[in-house]
């Protein structure tokens, strides 16, 4: 494949979004269970948040952090990527969305 398409971006964004909403965190405290914890890094094959694993292993007082956390990268990917909104040095906005129109009903 020679280029990165709108479909490629959308597929990876969906994968990233699922990591924020469907996890199997160690000692999951999310309500409902598996509804999401967000930390800095997700175990690539087992689907739990590495940070939470280590915090529970050390019985840290911060072990349940992440219940209401949303990494700013997610907002950047939506605004700058999916919606294609990028401020320019002259104060204007560059808008070039990466939304695959054949896959999104809105």
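In this note's numbering, the protein residues as written are 31 to 136. Yeah, the Cβ is synthetic: ideal placement off N, Cα and C, and Gly gets one too. Keep in mind that this is a model prediction, so the values were computed, not measured.
- Boundaries of the alpha helix (DSSP H) around residue 82: 80 to 87.
- If you ignore the 5 residues before and after residue 40, its C-beta comes within less than 6 Å of the C-beta of 130, all in its own chain and listed in chain order.
- Secondary-structure assignment with DSSP links residue 115 through a beta bridge to 125.
- With respect to residue 127, residue 110 sits apart: the two C-beta atoms are not nearer than 8 Å.
- Here residue 107 carries a helix assignment [DSSP, helix/strand/coil].
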